[in-house]
Every structure is written in C-alpha cells, then in structure tokens.
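Below: the structure, in structure tokens.
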Amino acid sequence: MKELLYDVAIVGAGPAGLAAAISAKQNGAERVLLVERDIRAGGILQQCIHAGFGLQYFGEELTGPEYAERFADKVKAEGIDLLTETTALEIREKVLVCVNTSGVVHIHFGALILAMGCRERTRANLVIPGSRPSGVYTAGTAQKLINIYGHKVGKEVVILGSGDIGMIMARRLTLEGAKVKAVVELMPFLAGLQRNKVQCLDDFGIPLLLSHTVVNITGVDRVESVTVAPVDENKRPILDKAEVIPCDTLLLSVGLIPENELTLTSGLSLSGITKGASVNQFMQTEVPYIFACGNVLHVNDLVDNVSRESEQAGKYAAKYAAGALAAGESIKVEAGEGIRYVCPQSIDASADEDVNLFFRTIVPGRDTTLIATAGGEVLARKKLTATTPGAMEKLTISKDKLATLGGAVTVSATHGEVLA
Amino acid sequence: MKKTIICTVCPNGCEVVAEYTSKDDVKLSGNRCKRGIEYCINECFDPKRTFTSSVAIKGAARRRMPVRTTAPIPKAQLFACAETLRGVTLEAPVACGQVVIPNVLGSGADLVACMSLDKKED
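First to last, the sequence lines map onto chains A and B.
Numbering follows my numbering, with no gaps: position 365 of the first sequence is 365.
Numbering follows my numbering, with no gaps: position 14 of the second sequence is 434.
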C-alpha cells in the first residue's frame with residue numbers, strides 16, 4: 001500500500017478541482033494533489049464542445065475543452081501533482097483512501113477539497129411509464145457518445161427537459177442530420193439559459209412545449225414512440241390531450257445531482273435542497289479540514305462561476321493547511337421569500353474580505369429586487385430587469401458590515417411581475 | 421421594421437427591441453449594456469454563429485477532436501459546414517488551436533482544433 005502526504009488534496013480534476021488546485025498552490029500550499037478517475041484532467045468540459053465558456057472569466061468565448069486545457073496547462077506549470085485513473089473511496093479523518101492499478105493509496109492531507117461534480121437524473125428518477133427499449137439516454141450520455149466516441153445516437157429524437165445540455169444536444173443532433181421533433185418541459189418556463197433557447201432551438205425551428213411531459217414510451221428493442229401530454233397547474237398530465245410522437249430516441253435533460261457518496265463517508269450531511277454539503281464563504285464545510293466547490297456543492301449554470309468559487313476553496317484550504325485559518329463567529333444565511341437556496345449557507349464574521357452570496361430565484365420574473373438583510377438592516381440590494389431560476393444571481397456583502405451583523409442573514413427576491 | 425432579439429453576447433440575455441429602416445438606422449431598446457449592440461444589429465441583417473463540431477482523429481487516445489470556427493460564420497452556412505467535416509480525419513499529434521480547415525466555406529474564419537491530443541503510446 002502506498003502512503004502519500006500532501007498539504008492540500010483535491011478530489012476531481014474537472015473545472016472546480018483544477019481552479020482550486022491552482023489557487024491552493026498560489027496561496028502557499030507547497031504540495032498539492034489532484035485525484036481524478038478519468039484518464040486525463042478536464043472533467044465534463046471535455047465533452048462540452050460547444051462555445052460559450054469563459055465569457056466572464058477570460059473575456060472571450062471558448063469551447064469546453066479549450067477552457068479546461070487553459071487550467072490543465074496551468075496546473076502542470078505550477079508543479080501540481082495529478083493522479084489519473086484513480087478513484088477516491090473513503091474519507092477517514094485526515095486520510096483519503098483511493099484505489100488505482102497500483103492498489104490502495106492512502107493520501108494524508110492537511111486540507112481536502114471536494115470537487116467531484118454532479119451526475120444526471122435518469123429515467124429511474126422520473127419513473128416514466130412504458131416499455132424498456134434501447135434509445136433512452138440522458139442528454140450528457142448522448143453528448144459523450146457523440147462528441148468523445150463518435151457514435152450516432154438516433155435519427156428522430158424527442159428531448160424531455162429544457163436544461164442547457166438538452167438544448168445543446170438538440171442543436172448538435174440537428175447539425176449531425178437527426179430530426180429533433182420537440183423539447184418537452186414540465187414547468188411553464190425554460191430550465192436552462194435563454195441564449196441556449198435562441199441558438200439551439202429557435203435557430204433550427206425546434207418546438208419547445210412548456211407545461212408538457214412524457215407519459216409513455218413504446219418499443220420493444222428500440223424506442224418507437226413517446227406520448228407527450230400537457231400538464232395542469234399541479235403538474236398532473238391531462239391524458240385525454242396526449243399526443244403520440246413517433247421517434248427512435250428519447251433524451252432526458254431533467255436535472256443534475258451533486259455526486260456526494262464520498263462526502264457522506266466523512267460524516268458530513270447534505271442539504272435537502274442543493275444535495276450538497278453546507279459551507280461558509282471560505283467554501284469550508286462543517287468538518288473544518290474539508291472544503292467543497294463547484295457542482296458537487298450546488299449545480300451551477302456557468303463554469304466561470306465554478307472557477308471563481310473554487311479559487312476561494314483553494315485559497316482557504318491552503319490557509320487551513322498552514323494553520324492560518326481561525327474560526328470566527330458563524331452567522332447563518334437563509335433563503336427568504338422568492339429564493340430557492342443560498343450558497344454559502346453561513347458566514348464567518350471574522351473575515352476580512354467581502355462575501356459573495358450565490359442564489360437562485362424560485363420563479364422567473366421582471367423588475368426583480370434582490371435584497372440581503374440581517375436584523376432589519378439592509379446589507380446588499382440589487383435591481384435587475386429580469387431574473388430566471390436558470391441563472392444564478394449574486395449579492396455582495398461588504399466586509400465592513402461583517403463584524404456588526406445582527407443575527408441571521410436572509411436573502412429575498414421580489415418581482416415587479418412574475419412570469420410563470 | 422421591428423424585431424425582438426434575445427441578446428446572447430453575455431449571460432444577461434436581454435430582450436432587445438430593434439427598430440430599423442436600414443443598416444445605418446437601427447434603434448435599440450431594452451439592452452442593459454453596450455456589448456451586444458453589434459450582435460443585435462447583425463441579427464437584423466446578417467445573423468452569425470460560432471460553429472462547433474468534432475472530426476475524426478487517428479493515433480490519439482480519443483477518436484474525436486473537437487473543432488470550432490475562429491469567428492462566427494453566417495447562420496445559413498452551419499449545415500454546409502457540418503457536411504464539410506464528414507470526410508476529414510486528423511492524425512495525432514494535434515495541438516489546440518491548430519488549423520484544420522483554413523477559411524472554411526470562404527467565410528473568412530478558420531476551423532481550428534480545440535484540444536491538444538498527443539500521439540498514443542502503445
């Protein structure tokens with residue numbers, strides 16, 4: 001058995017892990033290790049070959065592989081170790097137990113950063129009735145089959161869910177010669193970003209059926225049709241208005257779940273809403289030597305946000321490993337009216353740095369006021385012409401307000417006009 | 421003429437209304453910043469998109485190389501661009517940014533590789 005010793009160890013070399021590793025190194029951690037189960041770094045970005053990454057972080061539009069390569073090159077240049085084809089199995093206090101072709105590897109660390117990303121919800125999560133033919137894929141699996149392995153997944157396609165990956169796959173399949181017959185969304189509004197609706201659906205005349213769902217799948221060896229029905233205000237299908245759409249493929253783009261099996265071995269519990277750990281603004285979990293960032297913590301829509309948040313995790317994990325991160329008073333952060341969740345879930349009031357709160361609204365709206373308060377005092381306020389649950393919003397609390405916070409911080413959103 | 425455009429230049433996704441008589445007389449409203457002005461004007465007269473796809477590669481640890489155009493190309497050329505790539509096979513090693521097809525379909529944009537793939541060691 002191999003024993004390794006690092007200041008900061010990071011699980012996952014996707015966008016979160018790569019940014020965290022670079023930041024940890026630049027903030028004083030000497031020995032930094034990335035543990036990755038794939039054959040190379042990059043994570044999900046390797047299969048996201050569409051453009052649109054990096055507009056905020058680099059000020060230019062890149063594809064996923066290009067965005068990943070910039071960080072992977074930096075990791076190499078900084079002398080950060082990368083252990084590929086290695087699976088992390090368990091966290092035993094300050095030891096990460098891994099396995100690879102050399103056998104079991106024990107990684108002793110000063111601080112650990114969880115950056116495992118997320119996985120897709122599947123047909124089993126939705127419990128769609130019907131037969132069990134081939135041709136039902138999650139959108140990300142189809143994306144991998146096409147973009148990495150060069151396979152065709154189908155000719156006539158229906159996509160359930162208007163998440164970003166689903167819409168991006170609608171365009172990809174259309175350009176590759178398939179016919180995308182409809183994108184079907186249970187909610188009365190789009191799940192993903194507006195720009196993906198414009199560039200992936202509208203550009204190609206692909207119909208978007210809001211307030212609809214798939215109620216049946218037929219076919220023996222291969223999908224032959226799906227049945228699509230509108231839903232009422234309680235999301236119950238109106239079956240006498242159902243319509244059969246002949247197709248050979250059904251893609252599911254119905255949400256992502258943080259991949260936290262490893263997290264649970266440390267004794268950490270998960271938030272019922274984000275399905276990730278709870279953290280303070282240092283991205284530090286309730287186990288002080290464990291940090292978390294990226295989609296394993298809460299599912300992001302933009303990788304640029306993941307990179308920024310992960311740099312924060314890397315910086316403070318390096319400080320913790322060096323014994324330079326003392327815990328101050330912990331103030332709770334709560335989701336108030338109109339807000340689904342807020343990350344971080346608490347604020348360490350001793351910090352000498354502005355605090356960014358990231359959150360999502362529950363419904364889309366116009367002329368939205370976002371506000372963070374504590375004990376009646378307004379800490380931050382922002383007015384936006386439009387908000388949607390598909391886009392993460394941010395409020396920043398100035399550092400000079402931290403010392404005098406009067407109780408829990410609450411974030412709320414009020415819309416001038418609700419669009420749902 | 422009046423056209424409603426969802427600006428895609430940044431994640432704000434503003435709903436911009438363009439009123440115009442010609443290319444030199446376009447009035448925009450609803451935009452929260454100025455970055456998308458050129459995009460919105462182009463959407464009225466000459467819509468363009470960055471084209472991304474993948475091509476076959478031999479001799480690497482992977483079978484597909486992601487590619488993109490170095491600049492947006494006319495929307496009307498997207499399908500023809502996809503067609504052009506079907507016969508292309510690269511040979512590893514290929515560096516990120518390496519030109520795969522110069523001036524693709526006369527668009528003025530090059531089609532470039534988006535990933536560095538080394539020659540696979542057997």
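By construction, the Cβ of each residue, glycine as well, lies at the ideal position given by its N, Cα and C atoms.
Asked                                                                                                                                                                                 : Found
Could you check whether K478(B) and A512(B) sit closer than 8 Å to each other, using their CB atoms as the reference points?                                                          : yes
Using three-state DSSP, classify F189(A) as helix, strand or coil.                                                                                                                    : coil
Let's test the definition: count the other Cβ atoms within 10 Å of the Cβ of A491(B) and tell me whether it reaches 16, buried, or not, exposed.                                      : exposed
Listing by chain order, which chain A residues have their CB less than 9 Å from the CB of I461(B)?                                                                                    : By Cβ distance, chain A contributes nothing, its closest Cβ being about 16 Å from I461(B), past 9 Å.
By the 10 Å Cβ neighbour count, where 16 or more other Cβ atoms means buried, how is S307(A) classified, buried or exposed?                                                           : buried
With distance defined between alpha-carbon atoms, name the residue in A115(A), V409(A), F204(A) and P230(A) nearest to S211(A).                                                       : P230(A)
Below 6 Å CB to CB, which residues in the same chain sit around T369(A) once its five sequence neighbours on both sides are set aside?                                                : K383 and T414
What are the residues of the stretch 487-503 of chain B that lie near chain A, defined by any Cβ-Cβ distance shorter than 7 Å?                                                        : R488, K495, L498, F499 and A502
List in chain order: all unbroken alpha helix (DSSP H) runs of 4+ residues lying wholly within the stretch 179-245 of chain A.                                                        : none
Taking all protein chains shown into account, do 16 or more other C-beta atoms lie within 10 angstroms of the C-beta of P344(A), making it buried, or fewer, making it exposed?       : buried
So, V75(A) versus A124(A), is the Cβ gap smaller than 8 Å?                                                                                                                            : no
What does DSSP give as the partner residue(s) for F109(A) in the beta ladder?                                                                                                         : Y6(A)
From the DSSP output, read off the bridge partner residues of C98(A).                                                                                                                 : A88(A) and V105(A)
Is there contact between the stretch 153-170 of chain A and the stretch 246-254 of chain A, where contact requires at least three CB pairs shorter than 8 Å?                          : yes
Just list the beta strand (DSSP E) runs in the stretch 469-493 of chain B, keeping only unbroken ones of 3 residues or longer that don't cross its boundaries, in chain order.        : 472-478 and 484-489
Assign L5(A) to buried or exposed, taking buried as 16 or more other Cβ atoms, counted over all protein chains shown, within 10 Å of its Cβ.                                          : exposed
Out of curiosity, what's the CA-to-CA distance linking G528(B) and I493(B)?                                                                                                           : 8 Å
Between which residues of its own chain and A24(A) is the CB-CB distance below 6 Å, once the five residues before and five after are set aside?                                       : V8, V32, G314, A317 and A318
Could you pull the DSSP bridge partners for F282(A) from this structure?                                                                                                              : The partner list for F282(A) (beta bridge, DSSP) is empty, contrary to what the question assumes.
For V299(A), does the three-state DSSP call read helix, strand or coil?                                                                                                               : coil
Considering only the beta carbon of each residue, do G117(A) and N234(A) sit closer than 8 Å?                                                                                         : no
Taking any Cβ of chain B, which residues in the stretch 140-154 of chain A have a Cβ under 7 Å from it, in chain order?                                                               : N147, I148, Y149 and G150
Apart from the five residues just before and just after A72(A), which ones in its own chain have a Cβ nearer than 7 Å to its Cβ?                                                      : L18, A41 and G42
Assuming the contact rule is C-beta atoms closer than 8 Å, T213(A) and V244(A) should be a hit. Round their C-beta distance to whole Å, please.                                       : That pair is no contact at about 14 Å.
Using DSSP bridges, identify the partner residues of P364(A).                                                                                                                         : Its beta-bridge partners do not exist; DSSP assigns none.
Going along chain B, which residues have a C-beta under 8 Å from H50(A)?                                                                                                              : T472
For Q345(A), would you say it is in contact with chain C, using Cβ-to-Cβ distances shorter than 8 Å as the test?                                                                      : Absent here is chain C; the protein component of the structure consists of chains A and B.
Compare the Cα-Cα distances from N147(A) to each of T472(B), V437(B) and K539(B) and report the closest residue.                                                                      : T472(B)
Looking only at DSSP bridge pairs, what is A142(A) linked to?                                                                                                                         : Paired residues: none, contrary to the question.
How far does the alpha helix (DSSP H) with V446(B) in it extend, from its first residue to its last?                                                                                  : Per DSSP, V446(B) belongs to no alpha helix (DSSP H); it is in the beta strand (DSSP E), D445 to S449.
Which residues in the same chain as M421(B) place their Cβ atom closer than 6 Å to its Cβ, once the five residues preceding and following it in sequence are excluded?                : Y440
Shortest alpha-carbon distance to E541(B) belongs to which of V437(B), R482(B) and P522(B)?                                                                                           : R482(B)
Should A326(A) go down as buried or exposed, given a rule of 16 or more other Cβ atoms within 10 Å for buried?                                                                        : exposed
Looking at the structure shown, is K275(A) part of a helix, part of a strand, or coil, going by DSSP?                                                                                 : coil
Hey, would you say V532(B) sits closer than 8 Å to R488(B), going by beta carbons?                                                                                                    : yes
Might you give, ordered along the chain, the residues of its own chain that have their beta carbon closer than 8 Å to the beta carbon of T101(A), omitting 5 neighbours on each side? : E85
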